[in-house]
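Novice: Residue numbers (the numbering used here), protein chains in the order written: chain A, 1 to 120; chain B, 121 to 240. All C-beta atoms, glycine included, are put in the ideal place defined by N, C-alpha and C. The following block contains the structure, expressed as structure tokens.
There are 2 protein chains.
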Amino acid sequence: MKISEVSEQSGLSIDTLRYYEKIGLLPAVNRTDSGIRNFNELDLRRVNFIKCMRAAGLPIEVLIEYYALVQQGDDTTEARKAILVEQRTQLLARMAEMQETLDLLNHKIEVYENAVLKND
Amino acid sequence: MKISEVSEQSGLSIDTLRYYEKIGLLPAVNRTDSGIRNFNELDLRRVNFIKCMRAAGLPIEVLIEYYALVQQGDDTTEARKAILVEQRTQLLARMAEMQETLDLLNHKIEVYENAVLKND
DNA sequence: CCTTGACTTAGAGTTAACTCCAGGTTGTAA
DNA sequence: TTACAACCTGGAGTTAACTCTAAGTCAAGG
């Protein structure tokens with residue numbers, strides 16, 4: 001699978017995919033004889049997982065750390081799980097903050113709808 | 121109210137408060153004769169509103185635009201409301217993405233808990 | 001008065017995460 | 001076989017949002 005296809009499928013730009021490989025977030029992707037990237041099924045799944053995590057605000061650094069442990073294999077499962085649990089905690093905190101903002105926004109909009117308030 | 125107190129109360133750094141004033145997100149705050157900032161109740165409310173919006177990811181640029189309309193006063197209410205509605209839409213979209221990520225994270229963690237999977 | 005800590009400014013530096021560029025190679029359709 | 005689009009690399013540039021620095025002024029306690 002060519003990089004353009006992966007880009008289209010994942011919604012990440014081609015530059016971003018190359019960037020992710022360069023910094024080690026993606027493993028060195030297989031190449032054709034002439035040096036063109038050839039993503040496999042596993043690469044694709046990883047790209048999509050990363051896409052999802054990044055969309056929720058998980059830092060690249062954390063994902064690199066996570067995949068370093070995956071790479072290491074032999075019983076890093078506890079450490080990996082710890083990372084995921086920690087990130088879930090932070091994600092929940094962000095979601096709670098956003099819910100508060102949403103409530104406030106809803107309230108403000110309602111006020112505008114009722115045209116009660118002119119300035120604020 | 122001194123900048124240090126506003127900082128403490130709001131959780132924004134002193135530098136950030138000065139930065140917000142510099143770029144026009146906060147209006148020119150009143151000063152003592154010797155030039156020291158003296159935040160009033162309205163400033164404080166605005167700081168807290170901004171803090172809340174920023175925490176949910178609303179761009180500074182949008183908030184500046186919003187307050188420019190507030191400043192303008194005379195029937196910019198429709199435009200203001202439109203901004204808030206648009207930002208609410210985007211916020212809901214982000215929250216939905218985060219919910220997806222949360223689900224995936226929960227699933228992964230569960231897998232680790234059941235120690236079914238060793239690598240992924 | 002003197003020190004010390006909080007305040008001021010303009011402007012430079014930082015960080016994360018891309019995004020773009022120049023200059024070169026490859027694959028494919030006419 | 002010649003265009004021409006898509007690929008490649010290393011490295012520079014961009015963006016948002018701070019964060020820090022230097023050099024100076026101000027306020028309050030001893």
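Does any residue of chain B bring its CB to less than 8 Å from the CB of K118(A)?
Specialist: Below a pLDDT of 50, predicted positions are generally treated as unreliable, and K118(A), at 49, falls in that range; no measurement from the model is reported.
Novice: According to the Cβ coordinates, are L104(A) and C172(B) closer than 8 Å?
Specialist: yes
Novice: Please classify I156(B): is it buried, with 16 or more other beta-carbons within 10 angstroms of its beta-carbon, or exposed?
Specialist: So I156(B) counts as exposed.
Novice: Using CA atoms only, rank isn't needed, just tell me which of R174(B), R208(B), R214(B) is closest to Y140(B).
Specialist: R174(B)
Novice: Alpha carbon to alpha carbon, what distance is there between L84(A) and K228(B)?
Specialist: 8 Å
Novice: To test your reading of the DSSP string, which unbroken alpha helix (DSSP H) runs of 4 or more residues are found completely within the region 161-230 of chain B?
Specialist: Listed in chain order, they are 161-175, 180-192.
Novice: Report the rounded CA-to-CA distance for A142(A) versus K2(A), giving the unit in angstroms.
Specialist: Outside the modelled stretch of chain A, which goes from 1 to 120, sits residue 142(A), for which no answer is possible.
Novice: Using a C-beta to C-beta distance shorter than 9 Å, which residues of chain B count as neighbours of A115(A)?
Specialist: T197
Novice: So is I23(A) buried or exposed if we call it buried at 16+ other beta carbons inside 10 Å?
Specialist: Around the CB of I23(A), fewer than 16 other CB atoms lie within 10 Å, so the residue is classed as exposed.
Novice: Return the CA-CA distance between R214(B) and N106(A), expressed in angstroms with no decimal places.
Specialist: About 16 Å.
Novice: Give me the Cα-Cα distance between E181(B) and T32(A), rounded to the nearest whole angstrom.
Specialist: Taking the CA atoms as reference points, E181(B) sits about 45 Å from T32(A).
Novice: Quick check on the DSSP output: the alpha helix (DSSP H) that includes I134(B) runs from which residue to which?
Specialist: 134-142
Novice: If you draw a straight line from the alpha carbon of L42(A) to that of V6(A), how long is it in whole angstroms?
Specialist: 12 Å
Novice: Any beta carbon from chain B within less than 8 Å of R80(A)'s own beta carbon?
Specialist: yes
Novice: Report the neighbours of Q207(B) on chain A: residues whose CB is nearer than 8 Å to its CB, in chain order.
Specialist: L105
Novice: Please name the residue in V111(A), R88(A), L102(A), E110(A) whose C-alpha comes closest to that of E220(B).
Specialist: R88(A)
Novice: Counting contacts by CB-CB distance shorter than 8 Å, is Y186(B) in contact with chain A?
Specialist: With a threshold of 8 Å between beta carbons, Y186(B) makes no contact with chain A.
Novice: Cβ-heavy atom distance between L91(A) and the ligand NAD below 7 Å?
Specialist: As for the ligand NAD, it is missing from this structure, which has no ligand bound.
Novice: S130(B) to N168(B), Cα distance in whole Å?
Specialist: So the alpha carbons of these two residues sit roughly 6 Å apart.
Novice: Starting from the beta carbon of A55(A), find every residue of chain B whose beta carbon is closer than 9 Å, and list them in chain order.
Specialist: Residues of chain B with a Cβ closer than 9 Å to the Cβ of A55(A) are, in chain order, R214, E217, M218, E220, T221.
Novice: Quick check: what's the CA-CA separation for Q210(B) versus P59(A)?
Specialist: 21 Å
Novice: At least one CB of chain A closer than 8 Å to the CB of V126(B): is that the case?
Specialist: no
Novice: Where does L183(B) land, buried or exposed, given buried means 16+ other C-beta within 10 angstroms?
Specialist: buried
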